Ligand SMILES: Cc1cc2nc3c(=O)[nH]c(=O)nc-3n(C[C@H](O)[C@H](O)[C@H](O)COP(=O)(O)OP(=O)(O)OC[C@H]3O[C@@H](n4cnc5c(N)ncnc54)[C@H](O)[C@@H]3O)c2cc1C
């Protein structure tokens, strides 16, 4: 499409307002460029704001502080083993080289601060170069008052990361609560006290003033952008890209119900997320069956800029991939809940409709869905017993020991869980062969007794153990299913974002079908084809690259290294 007269002109235009978008905008603005963010939703932050907010950065400068050594050779070996031929080698190298640089820059030039998670292991411990922790980093909590009224324009945290729908906790605090590590109860009381005793703020908002996880990250980024007077236009969906002599010069958008043309003299950075909530694109590109209802990501991510890029001849890659995660659909909730921990806690197994286990339930979420999509494994069910339900949180349910059954919302009690006094009875309720399910449970109970999962080696590496219960012996990931009633819930091959998109190079420039970069056009985050290929190397492997390539896009636009 030929370019038309501009209604508004900036140097750099960023489409979308997730963590990568804000990093690109921050870096461009810091270099003195007039920068604008346009956001389709009526709130900023996208899935990033609803997320755990963790980044995965190899060789990061916080690792020595938690006593973990890393080096570029190991990092590169681990990454290349996972990305293989799926990702241009230059992109992988750019990530490995610049993740730390981005992190040091942002921590030195903005409100954004992190702490290393010592015990958050990389997801593929058997791959050489993996680390038992430290590459994943947690944003420090932030005080919502620093955002003034703009706090109310930030996307809410996902309901799955709020206790009782209200209180937030950091990733590090969440691990203590989940594993009931020493001090967990004191921590819970402290969080509750902080929330309920914050009287003046309680009159202003039900949301906690202490921002954590994705809200802390986005809050910190937003404050830093406010300090540089970078505006975010909410309710402003971008549409077609404008081009002139093969270069992108701006976009068409809608603002306040009117068409607007935004001209960008230096570059357009697409950061509009994936196509999680576009059923047509899901069916076209992802393995089937697939459903928007199975995605835990932000509902306004519908692949708009992927389509806009394709229209002007951009190349794409990895469109059949997602940041997979088994999910649970709860009635009356606008997005699915990702089951990050529930599969792994001892006393739960996953079976297919033949009543058979088919993988190590403690593997990382992407690997879990890859197993679910193998022929014969859908539908899949998570099965557990009363001991499990009493001890661990499950989806919207707190551990039953903390939350009486009758206090749970009626639709959850009625719809979510099937239950029966015997395993055979449960099999009948979910339509799987009862002898097979009963045989599977007995065999698994035998593994729990010996501590050795002879079928799938569950609990034999440090990532598996992350969501184990160390009070359970001899294997913290294996407990027998013996205490009635027994429960089952259908789980879905869902996602926390798609990860295929516009093909980019090591500078985050979008590549044309002719193999050359399209001048003026950059893509980052889930709008671009992921530098992580078909795997999920560690916690934070989506936001880490989104922010790193946001930084690199801005640096390329500016044309001089940022330090
Ligand atoms: C519960 C949960 C926890 C997670 N935890 C982590 C974690 O700890 N670490 C990690 O790395 N990943 C995590 N993820 C995944 C991660 O949040 C996403 O992969 C990441 O936020 C995607 O970033 P993005 O910038 O591509 O998209 P988003 O953050 O979703 O931002 C995209 C934005 O673009 C806007 N947009 C869409 N179309 C248009 C348009 N046409 N015009 C203008 N704006 C548009 C959207 O409204 C949205 O605000 C988690 C996800 C979930 C659901």
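Numbering (the numbering used here), first residue to last: 11 to 573. Virtual Cβ for every residue (Gly too), placed ideally from N, Cα, C. The structure presented is a predicted model; accordingly, all values stated were derived computationally and were not measured.
Taking C-beta atoms under 8 Å as the contact rule, residue 66 and residue 554 qualify, at a distance of about 4 Å. Here residue 70 is buried, its C-beta having at least 16 other C-beta atoms within 10 Å. Classified as exposed, residue 203 has fewer than 16 neighbouring CB atoms from the shown chains inside 10 Å of its CB. Distances from the alpha-carbon of residue 539 to those of 68, 101 and 41 put 101 closest. Under the three-state reduction of DSSP, residue 301 is assigned to coil, being neither helix nor strand. When the alpha-carbon of residue 130 is set against those of 153, 157, 172 and 64, the nearest one is in 64. Here residue 338 is bridged, per DSSP, to 347. The beta carbon of residue 564 sits closer than 6 Å to the beta carbons of 34, 37 and 38 from its chain, once the five residues preceding and following it are set aside; these are given in chain order. In the DSSP annotation of this structure, the continuous segment of the beta strand (DSSP E) that includes residue 124 starts and ends at 124-126. Under the DSSP definition of a beta bridge, residue 441 lacks any partner. When the five nearest sequence neighbours on each side are left out, the beta carbons in the same chain lying within less than 8 Å of the beta carbon of residue 241 are those of 46 and 47, in order along the chain.
Per DSSP, residue 510 lies in no beta strand (DSSP E) segment and is marked neither H nor E. Of all alpha-carbon atoms in 298, 504 and 374, the one lying nearest the alpha-carbon of residue 545 is that of 374. If the five residues before and after residue 259 are omitted, its C-beta is found closer than 7 Å to the C-beta atoms of 13, 252, 253, 273, 274 and 530, all from its own chain and listed in chain order. No Cβ-Cβ contact shorter than 9 Å links residue 561 with residue 541. If you ignore the 5 residues before and after residue 106, its C-beta comes within less than 7 Å of the C-beta of 68, 82, 85, 86 and 89, all in its own chain and listed in chain order.
Relative to ligand 1, the beta carbon of residue 393 is positioned no closer than 8 Å to any heavy atom. Under the three-state reduction of DSSP output, residue 501 falls in the strand class.
Pairing residue 509 with residue 485 gives a Cβ-Cβ distance that is not under 9 Å. Secondary structure of residue 272 (DSSP, three-state): strand. By a beta-carbon distance limit of 8 Å, residue 410 does not contact residue 244. Their separation comes to about 41 Å. Just measuring C-alpha positions, the residue of 497, 402 and 342 sitting nearest residue 436 is 497.
Short note on residue 168: C-beta closer than 8 Å to some heavy atom of ligand 1. Linking residue 346 to residue 304 through their CA atoms gives a straight-line distance of about 5 Å. At least one heavy atom of ligand 1 sits closer than 8 Å to the Cβ of residue 54. Note on geometry: alpha-carbon atoms of residue 387 and residue 208 lie some 48 Å from one another.
In this structure, the straight-line span from the alpha carbon of residue 573 to that of residue 41 is close to 11 Å.
Residue 342 is a Cβ neighbour of residue 421, given a cutoff of 9 Å. By the neighbour-count criterion, in which a residue is buried when 16 or more other Cβ atoms sit within 10 angstroms of its Cβ, residue 120 is buried. Remark: the C-beta of residue 50 is in contact range of ligand 1, defined as less than 8 Å to any heavy atom. Under the DSSP assignment, residue 18 falls in the beta strand (DSSP E) whose first and last residues are 18-25. In the DSSP annotation of this structure, the continuous segment of the alpha helix (DSSP H) that includes residue 57 starts and ends at 56-60. Straight-line spacing of the CA atoms in residue 177 and residue 44 works out to 37 Å.
A buried status is given to residue 224, since no fewer than 16 other beta-carbon atoms sit within 10 Å of its beta-carbon. For the 9 Å CB-CB criterion, residue 357 and residue 446 do not form a contact. For residue 150, the Cβ stays outside the 8 Å cut-off from all heavy atoms of ligand 1.
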